[in-house]
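Q:
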Amino acid sequence: MDDMRQFEAAARQSLLPPAPDAGAASPCFLGVSLFTAAAACLFFLAALSAIYYCCYIAIVSSDKESLLLKLKGRNSGKKKKKNQNNDNDAPPAPPGRGSSWWWSVAETLAFVAANSSGRGFYHFVHARHRRYGPPCFRTALFGRTHVFVSSPDAARSLLAAEPAGFSKRYVRTVADLLGEHSLLCASHAAHRSLRRAVAPLFNARATASFAATFDALTRRLMRDWSTSSSGAAATVVVLDAALEITFEAICDMLVATLPRDARRQLQGDVLAVTRAMLAFPLRLPGTRFHAGIQARRRIMEVLRREIASRRRDGSLRQQRGHNHSSDDMDFLQSLLLRSQQQSDNDEAPLTDEQILDNILTLIIAGQVTTAAAVTWMVKYLADNRDFQQTLRSVQLELAPKHQDSPLTLQHLSSMELAYKAVKESLRMASIVSWFPRVALDDCQVAGFHISKGWIVNVDARSLHYDPTIYENPTTFDPSRFNGGDMKQPYSFLVFGAGGRTCLGMNLAKIMMLIFLHRLVTTFRWEMADEDTSLEKWAMFPRLKNGCPIHLTPI
Ligand code: HEM
Numbered sequence: 001m002d003d004m005r006q007f008e009a010a011a012r013q014s015l016l017p018p019a020p021d022a023g024a025a026s027p028c029f030l031g032v033s034l035f036t037a038a039a040a041c042l043f044f045l046a047a048l049s050a051i052y053y054c055c056y057i058a059i060v061s062s063d064k065e066s067l068l069l070k071l072k073g074r075n076s077g078k079k080k081k082k083n084q085n086n087d088n089d090a091p092p093a094p095p096g097r098g099s100s101w102w103w104s105v106a107e108t109l110a111f112v113a114a115n116s117s118g119r120g121f122y123h124f125v126h127a128r129h130r131r132y133g134p135p136c137f138r139t140a141l142f143g144r145t146h147v148f149v150s151s152p153d154a155a156r157s158l159l160a161a162e163p164a165g166f167s168k169r170y171v172r173t174v175a176d177l178l179g180e181h182s183l184l185c186a187s188h189a190a191h192r193s194l195r196r197a198v199a200p201l202f203n204a205r206a207t208a209s210f211a212a213t214f215d216a217l218t219r220r221l222m223r224d225w226s227t228s229s230s231g232a233a234a235t236v237v238v239l240d241a242a243l244e245i246t247f248e249a250i251c252d253m254l255v256a257t258l259p260r261d262a263r264r265q266l267q268g269d270v271l272a273v274t275r276a277m278l279a280f281p282l283r284l285p286g287t288r289f290h291a292g293i294q295a296r297r298r299i300m301e302v303l304r305r306e307i308a309s310r311r312r313d314g315s316l317r318q319q320r321g322h323n324h325s326s327d328d329m330d331f332l333q334s335l336l337l338r339s340q341q342q343s344d345n346d347e348a349p350l351t352d353e354q355i356l357d358n359i360l361t362l363i364i365a366g367q368v369t370t371a372a373a374v375t376w377m378v379k380y381l382a383d384n385r386d387f388q389q390t391l392r393s394v395q396l397e398l399a400p401k402h403q404d405s406p407l408t409l410q411h412l413s414s415m416e417l418a419y420k421a422v423k424e425s426l427r428m429a430s431i432v433s434w435f436p437r438v439a440l441d442d443c444q445v446a447g448f449h450i451s452k453g454w455i456v457n458v459d460a461r462s463l464h465y466d467p468t469i470y471e472n473p474t475t476f477d478p479s480r481f482n483g484g485d486m487k488q489p490y491s492f493l494v495f496g497a498g499g500r501t502c503l504g505m506n507l508a509k510i511m512m513l514i515f516l517h518r519l520v521t522t523f524r525w526e527m528a529d530e531d532t533s534l535e536k537w538a539m540f541p542r543l544k545n546g547c548p549i550h551l552t553p554i
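Count the sequence shown with full-length UniProt numbering and you get residues 1 to 554, in order.
#1: If we call anything under 9 Å between Cβ atoms a contact, is Leu335 one with Ile364?
#2: Who are the Cβ neighbours of Ile293 in its own chain at under 8 Å, not counting the five residues just before and after it?
#3: Would the beta-carbon of Arg172 be found less than 8 Å away from any heavy atom of the ligand HEM?
#4: Would you kindly check if the distance between the Cβ of Arg310 and the Cβ of Gln333 is under 9 Å?
#5: Using only the heavy atoms of the ligand HEM, determine whether one of them is closer than 8 Å to the beta carbon of Leu184.
#6: The ligand FAD and Lys379: does the residue's C-beta get closer than 8 Å to at least one heavy atom of that ligand?
#7: Let's test the definition: count the other Cβ atoms within 10 Å of the Cβ of Ile554 and tell me whether it reaches 16, buried, or not, exposed.
#8: Are the segment 376–390 and the segment 189–208 in contact at 8 Å, needing three or more beta carbon pairs?
#9: Take the Cβ of Gly165 as the centre, count every other Cβ of all protein chains shown within 10 Å, and call the residue buried at 16 or more, exposed below.
#10: With DSSP run on the structure shown, which of helix, strand or coil describes Asp459?
#11: So the candidates are Leu409, Pro406, Ser405, Ser414; which of them puts its Cα closest to the Cα of Glu397?
#12: Under a three-way DSSP split, which group does His517 fall into?
#13: On the DSSP letters alone, give me the boundaries of the beta strand (DSSP E) that Ser405 sits inside.
#14: Quick check on DSSP: helix, strand or coil for His123?
#15: What are the residues that DSSP puts in a beta bridge with Glu526?
#16: How many angstroms separate the CA atom of Ala206 from the CA atom of Pro92?
#17: How would you write the range of the beta strand (DSSP E) that Arg437 sits in, first residue to last?
#18: I need the straight-line Cα distance from Phe280 to Thr108, nearest angstrom please.
#19: Do you know how far the Cα of Leu266 is from the Cα of Ala421?
#20: From the DSSP secondary-structure annotation, give me the bridge partner or partners of Gln444.
#21: State yes or no: is the C-beta of His191 nearer than 8 Å to some heavy atom of the ligand HEM?
#22: Considering only heavy atoms of the ligand HEM, does any lie closer than 8 Å to the CB of Cys502?
#23: Using CA coordinates, which residue listed in Gln395, Leu409, Leu426 is at the minimum distance from Thr369?
#24: Cutting at 6 Å between CB atoms, please list the residues of its own chain near Tyr132, excluding the five before and the five after it.
#25: On the criterion of 16 or more Cβ atoms from any shown chain inside 10 Å, does Asn457 qualify as buried, or is it exposed?
#26: Using beta-carbon positions only, say whether Met512 and Thr474 come within less than 9 Å of one another.
#27: Say yes only if the C-beta of Thr235 is nearer than 8 Å to one or more non-hydrogen atoms of the ligand HEM, and no if none qualify.
#28: Give the straight-line distance between the Cα atoms of His129 and Glu471, rounded to the nearest whole angstrom.
#29: Three Cβ pairs or more, each shorter than 8 Å: is that satisfied between the segment 232–244 and the segment 542–550?
#30: Could you tell me whether any non-hydrogen atom of the ligand HEM is closer than 8 Å to the CB of Lys487?
#31: Could you name each continuous alpha helix (DSSP H) segment of 4 residues or more that falls completely within the segment 182–244, going from the start of the chain to the end?
#32: Assuming Arg437 and Leu158 form a contact by the criterion Cβ under 8 Å, report the distance between their Cβ atoms to the nearest whole angstrom.
#33: Taking only the alpha-carbon atoms, compute the straight-line gap between Met329 and Arg338 and give it to the nearest angstrom.
#34: Select from His181, Leu412, Lys423, Arg288 the residue whose C-alpha is nearest the C-alpha of Val494.
#35: Can you check which of these residues, Ala249, Ser491, Gln395, is closest to Asp153 by C-alpha distance?
#36: Less than 8 Å separating the Cβ of Thr207 from some heavy atom of the ligand HEM?
See below:
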């Protein structure tokens, strides 16, 4: 027992700091220690940056080249540039920096810092756009040279009819999560046949039936909100509600037969995949990227089980020979039927992998974007109460015609002012802020030299906030659309343009119109929290607080 006490006393003694020695803490000694500590920190940071950079080149880059080859390529690129500079006729490289690897580390860290701050990842682009001015600037991210272009002419040269010199390129994380057959990531060659298979599904009948489903969900939501407010003001979080109903409507359209519990699991997994899209691509348990990859695996399992069950129950055999885009089929059934008909006709059929990747793509491309757009629209109208009131009067005049019945496409087409509010919200929110393309060869864009392999991004948000195109661009003003969609071609790019234009743009506009009409004719609202900081690491810009509003029934 005594031994034990002695041992504890000795241990306590060893944990106590040594008695202060007045002579040891002289100012000179402190200065040297601080200097050494600062130097060590700097060295540590530099080493970390270098490791980080090398990891990123190795992990993120989609090319199969080795790191060594890349560095070699960069050196030969430097030589090439020197030769180019000697040639007076050669177009200049876009302003900005991006060839030195130190600069690439600094820019990548700045991008990551913007992403993990409340200002959102576009802040990085905006700061450089201001520094270098239009029409473009150059930077380096994750080991790749990126050019951001922001003029309608440059946008036309990159998007119109998909020029032969460019292909689509998303960061590796997005491609890993959505799958190599996803429409959003496929190269131009693979894209053409995939789009031919998916585009017919968005026909007029499917759109009308989608509008009816979404309207029913929105009316149910507003009824719940009315009940919870029961005459007094209630507070609701718009983003949560918008995510819920857009998911339900899109799920009904794509895989209508999925049981309730499978839908709930799917919804959680889709959220995890979305969260992982801009995460560091480390497949270590506990990381966001790993969680996203696991969620993708579960989603694929659920969808594969669904396909197997449809093949077992014989419904596909019965529907063989019918029009594959018939309105009583969900998208999954239409694609399975198309695949079966292709193999019956000895054509190369759509594979299950292609079908699965694109069902997941449609859920993510459709749900998260539209929910974010609806949320921004509600915020802009909360900030512009006069416009909210004007719109309310207009919409209330239209309301008696369909108060208790579903909104039809005809009803929606008569909502001119609401439609302008939808477009103005889409412009200001610029949900997809830029669209990446990769140069397949050396070429010129906007009078600047672009080297093979550089990523050229159409900076849609800068275009939408260009004061030479949109007067007072930071003001919410739906009347700017009085004359039609856009003042100049390629200046309103909320849904992209050319061969890669958004396939769901009509559905997105319909969802926004229905939500706006039902909300403005049922409630008045104002923001319950004025915090405008953005959610960190979100692929599409959205408010961190999800846009809580106070609702008062009218
Ligand atoms: C407000 C909501 C939406 C916005 C802002 C939006 C925006 C966009 C943009 C800008 C592109 C083109 C990207 C590029 O060129 O790189 C795109 C592509 C696409 N969108 Fe949307 N979208 C929305 C809603 C939807 C919906 C509801 C669906 C379907 C359910 C959808 C499905 C797609 C698909 C499949 C593509 C790829 C098209 C292709 O490459 O052929 N989107 N979207």
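Cβ coordinates follow ideal geometry from the N, Cα and C atoms, glycine included.
Small disclaimer: the values here were computed from a predicted structure and weren't measured.
A: Per the coordinate set shown:
#1: No. Outside cutoff.
#2: Excluding residues within five positions, the ones whose Cβ falls inside 8 Å are Asp176, Leu177, Ala276, Arg283.
#3: False, no ligand heavy atom lies under 8 Å from that Cβ.
#4: Taking 9 Å as the Cβ cut-off, Gln333 and Arg310 qualify as a contacting pair.
#5: With a cut-off of 8 Å, the C-beta of Leu184 is classified as near the ligand HEM, since at least one heavy atom of the ligand falls inside that distance.
#6: The model on display carries the ligand HEM but not the ligand FAD.
#7: So Ile554 counts as exposed.
#8: At 8 Å Cβ cutoff, the stretches do not touch.
#9: It is buried - the Cβ of Gly165 has at least 16 other Cβ atoms within 10 Å.
#10: In the structure shown, Asp459 sits in a strand (DSSP, three-state: E or B).
#11: Checking every option, the nearest Cα to that of Glu397 belongs to Ser414.
#12: In the three-state reduction of the DSSP assignment, His517 falls in the helix class, which pools H, G and I.
#13: Unbroken run through Ser405: none, as it is neither H nor E.
#14: In the structure shown, His123 falls within a helical segment according to DSSP collapsed to helix, strand and coil.
#15: Bridge partners of Glu526: His550.
#16: Answer to the nearest angstrom: the Cα atoms are 49 Å apart.
#17: Per DSSP, Arg437 belongs to the beta strand (DSSP E) from 434–439.
#18: C-alpha separation (whole angstroms): 12 Å.
#19: One C-alpha to the other measures close to 32 Å.
#20: Paired residues: His449.
#21: The answer is yes for His191.
#22: Within the cutoff, so yes.
#23: Measuring C-alpha to C-alpha distances from Thr369 to each of Gln395, Leu409, Leu426 identifies Leu426 as the nearest.
#24: Its chain contains Pro95, Gly96 as the residues whose beta carbon lies nearer than 6 Å to that of Tyr132, once the 5 sequence neighbours on both sides are disregarded; these appear in chain order.
#25: Burial call: buried.
#26: No, the Cβ-Cβ distance between Met512 and Thr474 is not below 9 Å.
#27: Checking the Cβ of Thr235 against the ligand HEM gives no.
#28: Approximately 19 Å, taken between the alpha carbons.
#29: The segment 232–244 vs the segment 542–550: in contact.
#30: Within 8 Å of the C-beta of Lys487 there is not a single heavy atom belonging to the ligand HEM.
#31: As far as the segment 182–244 is concerned, its whole alpha helix (DSSP H) runs of at least 4 residues are 188–198, 204–229.
#32: Under the criterion of beta carbons closer than 8 Å, Arg437 and Leu158 qualify as touching, at roughly 5 Å.
#33: Met329 and Arg338 have their C-alpha atoms spaced approximately 12 Å apart.
#34: Out of His181, Leu412, Lys423, Arg288, Lys423 has the C-alpha closest to the C-alpha of Val494.
#35: Sorting Ala249, Ser491, Gln395 by C-alpha distance to the C-alpha of Asp153 places Ser491 at the top.
#36: No - the ligand HEM has no heavy atom lying nearer than 8 Å to the Cβ of Thr207.
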